[in-house]
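Notes to accompany the following structure.
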Amino acid sequence: MTRDDLIREYKEHSGSWQGLVGVYAVIVGVMALSGYLMVG
18 MTRDDLIREY KEHSGSWQGL VGVYAVIVGV MALSGYLMVG
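Just so you know, this note's numbering puts 46 at position 29 of the sequence shown, and the rest follows in order with no gaps.
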């Protein structure tokens with residue numbers, strides 16, 4: 018999934034807070050996972 022895909026998802030779900038929460042959860046999860054893999 019690229020940044021453009023994330024932006025498209027964000028715009029599609031921007032009407033519902035559940036969608037926003039889902040998108041943010043995915044972004045935070047990916048960032049945390051990549052950071053953990055780099056450190057670990």
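Ideal Cβ placement from N, Cα and C applies to all residues, glycine included.
No experiment lies behind these values; they were computed from the predicted model shown.
Ser51 sits in a helix when the DSSP states are folded into three classes.
Here Gly39 carries a helix assignment [DSSP, helix/strand/coil]. When the beta-carbon positions are compared, Tyr53 and Val40 stay at least 8 Å from each other. Around Met48, the same chain offers no residue with a beta carbon nearer than 8 Å, after the five sequence neighbours per side are excluded.
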